Amino acid sequence: MFTVLHDLVRYNIEFAIGLGLMTAIVIFAGLSFVSPVDPTMVYLAIPDQPPSAENWFGTNSRGQDLFWQLTFAFRNSLVFGFTVAILSRIISIAVGLTSGYVGGWVDRSLMFVNDIFVAIPIFPVLVLFYFVFRDDLDSFRLALIMACFGWPFDARLIRSVAMGLKHREFTRHAVFAGMSTRKILFEEHLPYVMPIIFSTFMNNMLWSIGFEVTLAVLGFTDINEPTVGTVLYWANSHSAMVVGVWWWVVIPIILVVMTFLGLFLLAVSTNEYIDPRSRLRRMGA
Amino acid sequence: MTDYIWFLAKRAALLVAVIFFGVSAAFFITHLSPIDPVETALGRISSQASFSPQAIAEMRQTLTELYGTDAPVLSQYGNFWRRLLVGDLGPSLIAFPTPAMTLVMQAMPWTVALLVISTLITFVLGNLLGGLAGYNQNNALFKSLGMLAISLQPIPYYVVAFILLILFGFVWPVLPISGGYAMTVTPGLNLPFVLSVLNHAILPALSLVLVGFGSWFLGMRALVSNIVTEDYVTYAELAGVRKSTIVGSYVMRNALIPQITGLAMTLGTVFSGTVITEEVFNYPGLGSLLIDAVFEGDYALVLAVSSISVVAVAGAIFVVDLLYPLLDPRIRSE
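Spelled out as structure tokens, the structure:
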């Protein structure tokens, strides 16, 4: 495990950059645990102060210190992305492994459902859910809904690997040894798809945080919970750019772009690591 | 040929299934909503003037008949399908009593034009440059393009559109950042109007192209860099086939087949992106209409926009799937 990590950092500049960016963001989000201020309180500081030694990221028009506000926002957004990624990974592993191993009509019907989910435009659907739940649409509910839509692409990917594993010698041994299908899938095949799961995990987090930001900026989530999207929502509703409080918009955007870039670089570089040919090319062999 | 018919039949079945499930989901989600369209409409009407209780009761009865909300949900569902097939989804609230369908049809051309043009630009540009980058792997220009693609690709539609809005709205205000055309021109087929529309479309289209470009570029580069190591490419090079023929007909054409499948699979996502971008730039398409409808609690319009979106995206995916055999001779000849 550690040699893999070491190799990746050494031979793969993208992985190193991605890891660096994500470590910085996670540490930043972790600072929220030692925050001296409550993120839900307003008018605790002088409003509209530009970044200074006292307020590193300045303060916003609601009298909140942006540095501490953003630590909470990133914690919540990362936790949100993590929840969606875990839940949708569970669905995609179950569907992908079953579909690939069992085959036949099970495979065909699962992939048919898969294709339906791929074709439905998700943004109007999410907006519909907001239309129903209104202000009850908290992070957790949104995460549940998004997880239901975040699995189809990855399930197809896992299925293609599982189809290959089905015809390998060790699968046949396991069948003859009397292992149950469930056991074969989770004990024999799951380890082989772990790298894919890791790489799609990052992509899925990226996708879900992106939608969370979009929905929140439009005011379609619980706007009192600090997330990356709601920080921008409040900035917009106070016309921060027009009034000249640029740091309220620019700093969150820089941080969120760092997050997206970090997650994406981790995803592509692990994806490349899975393919031994490109790994050898990188190492100069 | 039988293969092609079988392929078509499967795709048509998928088209029907997507429309059925998508539209049903939209119907049932909105009918779980605590919002009663009749009460919302009444609230809107009675906020502008005072009415006698009797007049309100009569209005309530008329509106209930209009929306058919007193029937059980399942019969409403049946009615909904019947009305969707003839294109009548009831009056909207935002612009009462204009039918919701009329509003959707007014917004539709804007979204379709923006989506089609930006998808075409993105697809052609991304695949062409990606293919060339895969073929010329050590070229510095293509390497830096690859870096650009990697750094743009992960950023979601909203953030890119928002950054462009800040750049061209506050930092360097040269392009219009809101609306579909200037207030000073009269809509119709005249030069000022067309120019104004194009001018207003630059930023929304640019943000869609910027986001979409990366994935096509990276995908095509990966595909092509695998294909160029194939024996038949080496053979063609040794046989002295012109380089442009090798890249165009031998390499890119083969790599394009999975990319077309990819185009069909990403259309749903791209549609969501277009809707989001429209909202940022206040573009008069389906996106802005949907958001307005949600803010106003406009039941009929929300349902109309989302059902039509599902139908339109499923239809577009079907059309792209039909293109597939044109590119892949294996399906055609068998």
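Which chain is which? The protein sequence lines are A and B, in order.
Heads up: take any position in the first sequence, counting from 1, add 37, and you land on our numbering.
Heads up: take any position in the second sequence, counting from 1, add 11, and you land on our numbering.
The C-beta atom is built at its ideal place from N, Cα and C for all residues, glycine as well.
Fair warning: this is a prediction, and the values are worked out from it, not measured in the lab.
**Message:** What does DSSP give as the partner residue(s) for P110 of chain B in the beta ladder?
**Reply:** For the purposes of this step, residue 110 of chain B is taken as residue 99 along the second sequence, with counting starting at 1. Bridge partners of P110 of chain B: B:P102.
**Asked** Got a sec, what are the start and stop residues for the alpha helix (DSSP H) F62 of chain B sits in?
**Response** Against the second sequence, residue 62 of chain B aligns to sequence position 51. From DSSP, F62 of chain B is part of no alpha helix (DSSP H); its letter is neither H nor E.
**Message:** For S57 of chain B and Q65 of chain B, I'd like the C-alpha separation in whole angstroms.
**Reply:** As a working note, residue 57 of chain B is residue 46 in the second sequence. As a working note, residue 65 of chain B is residue 54 in the second sequence. The straight-line gap from Cα to Cα measures roughly 12 angstroms.
**Contact set between the stretch 161 to 179 of chain A and chain B, restricted to residues whose Cβ is under 9 angstroms from the partner** = P161, V162, L163, V164, L165, F166, Y167, F168, V169, F170 and R171
**Asked** Measuring CA to CA, which of B:I238, B:A172 and B:P167 is closest to A266 of chain B?
**Response** Taking the first residue of the second sequence as position 1, residue 266 of chain B is located at position 255. Of the candidates B:I238, B:A172 and B:P167, the one whose C-alpha sits nearest the C-alpha of A266 of chain B is B:I238.
**Prompt:** Where A23 of chain B and S320 of chain B are concerned, what is the direct C-alpha to C-alpha distance, given to the nearest angstrom?
**Reply:** Mapped onto the second sequence, residue 23 of chain B falls at position 12. Mapped onto the second sequence, residue 320 of chain B falls at position 309. Roughly 18 angstroms between the two C-alpha positions.
**Request:** Round the Cβ separation of L134 of chain A and H226 of chain A to the nearest angstrom and send it over; I've been treating them as touching at under 8 angstroms.
**Result:** To locate residue 134 of chain A, count along the first sequence from 1; it is residue 97. To locate residue 226 of chain A, count along the first sequence from 1; it is residue 189. Confirmed, about 6 angstroms.
**Message:** Among B:V235, B:G190 and B:Q87, whose alpha-carbon lies nearest the alpha-carbon of L176 of chain B?
**Reply:** Mapped onto the second sequence, residue 176 of chain B falls at position 165. Selected option, being the one with the closest Cα: B:G190.
**Asked** Using a C-beta cutoff of 7 angstroms, does A156 of chain A count as contacting chain B?
**Response** Counted from its first residue, the first sequence places residue 156 of chain A at position 119. Yes, contact with chain B.
**Request:** Let me know the secondary structure DSSP gives D152 of chain A once reduced to three states.
**Result:** Stepping through the first sequence from its first residue, residue 152 of chain A is reached at position 115. Of the three classes helix, strand and coil, the one that applies to D152 of chain A here is helix, per DSSP.
**Asked** Under 7 angstroms between the Cβ atoms of Y229 of chain A and L202 of chain A?
**Response** Against the first sequence, residue 229 of chain A aligns to sequence position 192. Against the first sequence, residue 202 of chain A aligns to sequence position 165. Closer than 7 angstroms, so yes.
**Item:** Between the CA atoms of I246 of chain A and F168 of chain A - distance to the nearest angstrom
**Value:** Here the question's residue 168 of chain A lines up with position 131 in the first sequence. Here the question's residue 246 of chain A lines up with position 209 in the first sequence. Answer to the nearest angstrom: the Cα atoms are 20 angstroms apart.
**Asked** Would you call the CB atoms of A192 of chain A and V132 of chain A closer than 7 angstroms?
**Response** On the first sequence, residue 192 of chain A is found 155 positions in, with the first residue counted as 1. On the first sequence, residue 132 of chain A is found 95 positions in, with the first residue counted as 1. Against a cut-off of 7 angstroms, the Cβ pair of V132 of chain A and A192 of chain A comes out as a contact.
**Request:** Output, in chain order, the set of chain A residues within a Cβ distance shorter than 7 angstroms of G33 of chain B.
**Result:** Your numbering for residue 33 of chain B matches position 22 in the second sequence. What G33 of chain B touches in chain A: I157.
**Prompt:** Y169 of chain B: which of B:Y243, B:F282 and B:S260 sits nearest, CA to CA?
**Reply:** As a working mapping, residue 169 of chain B is identified with position 158 in the second sequence. It is B:F282 whose Cα lies nearest to the Cα of Y169 of chain B.
**Asked** Considering only C-alpha positions, which residue in the set A:I159, A:D152, A:P289 and A:L56 is nearest to A37 of chain B?
**Response** Taking the second sequence and counting its residues from 1, the one referred to as residue 37 of chain B is at position 26. Answer by Cα proximity: A:I159.
**Request:** Could you tell me whether the Cβ of T296 of chain A comes closer than 7 angstroms to any Cβ of chain B?
**Result:** Taking the first residue of the first sequence as 1, we reach residue 296 of chain A at position 259. By this cut-off, T296 of chain A is not an interface position.
**Request:** Look at the alpha carbon of V162 of chain A and the alpha carbon of I40 of chain B, and state the distance between them as a whole number of angstroms.
**Result:** Counted from its first residue, the first sequence places residue 162 of chain A at position 125. Counted from its first residue, the second sequence places residue 40 of chain B at position 29. If you take the alpha carbons of V162 of chain A and I40 of chain B, they lie about 9 angstroms apart.
**Message:** Can you look up D81 of chain B in the DSSP assignment and give me helix, strand or coil?
**Reply:** Within the second sequence, residue 81 of chain B is the residue found at index 70, counting from 1. Three-state result, D81 of chain B: coil.
**Request:** Within its chain, find whatever has a CB closer than 7 angstroms to the CB of Q148 of chain B; leave out the 5 residues flanking it on each side and keep chain order.
**Result:** Position 137 of the second sequence, counting from 1, holds the residue named residue 148 of chain B. The answer, listed in chain order, is S236.
**Item:** Beta-carbon proximity of S218 of chain B to A172 of chain B, cut-off 7 angstroms
**Value:** As a position in the second sequence, residue 218 of chain B is number 207, starting the count at 1. As a position in the second sequence, residue 172 of chain B is number 161, starting the count at 1. Yes, the Cβ-Cβ distance between S218 of chain B and A172 of chain B is below 7 angstroms.
**Message:** Contact criterion: CB-CB distance below 7 angstroms. Does D44 of chain A meet it with respect to chain B?
**Reply:** Your numbering for residue 44 of chain A matches position 7 in the first sequence. Not closer than 7 angstroms to any Cβ of chain B, the Cβ of D44 of chain A fails to qualify, so no.
**Message:** In the DSSP output, what is T237 of chain A paired with across the bridge?
**Reply:** Along the first sequence, one-based indexing puts residue 237 of chain A at 200. Paired residues: none, contrary to the question.
**Prompt:** Which residues bound the alpha helix (DSSP H) around R112 of chain A?
**Reply:** Taking the first residue of the first sequence as 1, we reach residue 112 of chain A at position 75. Where R112 of chain A is concerned, the enclosing alpha helix (DSSP H) stretches over L103 to V139.
**Request:** Give the straight-line distance between the Cα atoms of R178 of chain A and F186 of chain A, rounded to the nearest whole angstrom.
**Result:** Here residue 178 of chain A is taken as the residue at index 141 of the first sequence, counted from 1. Here residue 186 of chain A is taken as the residue at index 149 of the first sequence, counted from 1. Looking at the two C-alpha atoms, the distance is approximately 13 angstroms.
**Prompt:** Can you tell me whether S344 of chain B is buried or exposed, with buried defined as 16 or more other CB within 10 angstroms of its CB?
**Reply:** As a position in the second sequence, residue 344 of chain B is number 333, starting the count at 1. The predicted position of S344 of chain B is uncertain, since its pLDDT is 48 and thus under 50; a value taken from the coordinates is nonetheless stated next. Label assigned to S344 of chain B: exposed.
**Request:** Just the chain A side, please: which residues come within less than 7 angstroms of L219 of chain B by C-beta, in chain order?
**Result:** Here residue 219 of chain B refers to the residue found at position 208 of the second sequence. Those do not exist, as L219 of chain B stays about 14 angstroms from chain A at its closest Cβ, beyond 7 angstroms.
**Request:** Using a cut-off of 7 angstroms between C-beta atoms, extract the partners of A82 of chain B located in chain A.
**Result:** By 1-based counting over the second sequence, the position of residue 82 of chain B is 71. Neighbours of A82 of chain B on chain A: none; closest Cβ ~20 angstroms, over 7 angstroms.
**Message:** My output table needs one value for T40 of chain A: the three-state DSSP class, helix, strand or coil.
**Reply:** Indexing the first sequence from 1 puts residue 40 of chain A at position 3. Helix, per DSSP.
**Closest by C-alpha distance to G281 of chain A, when choosing among B:V182, B:L100 and B:L314** = Within the first sequence, residue 281 of chain A is the residue found at index 244, counting from 1. Answer by Cα proximity: B:V182.
**Prompt:** If you measure from the beta carbon of P165 of chain B to each beta carbon in chain A, is any gap under 7 angstroms?
**Reply:** To locate residue 165 of chain B, count along the second sequence from 1; it is residue 154. Answer yes: the Cβ-Cβ gap between P165 of chain B and chain A drops below 7 angstroms somewhere.
**Message:** Using only the alpha-carbon positions, how far apart do R171 of chain A and T208 of chain A sit?
**Reply:** If you number the first sequence from 1, residue 171 of chain A lands on position 134. If you number the first sequence from 1, residue 208 of chain A lands on position 171. Rounded to whole angstroms, R171 of chain A to T208 of chain A spans 49 angstroms at the Cα level.
**Item:** Contact with chain A by D14 of chain B, beta-carbon distance below 7 angstroms
**Value:** Mapped onto the second sequence, residue 14 of chain B falls at position 3. Answer no: the Cβ-Cβ gap between D14 of chain B and chain A never drops below 7 angstroms.
**Request:** Please specify which runs of the alpha helix (DSSP H), each continuous and at least 4 residues long, are wholly inside the stretch 41 to 99 of chain A, giving them in chain order.
**Result:** 50 to 67
**Prompt:** Residues in the stretch 124 to 150 of chain A with C-beta within 8 angstroms of chain B's C-beta atoms, listed in sequence order?
**Reply:** F149
**Asked** DSSP state of N90 of chain B, grouped into three classes?
**Response** Position 79 of the second sequence, counted from the first residue, corresponds to residue 90 of chain B. Helix at N90 of chain B.
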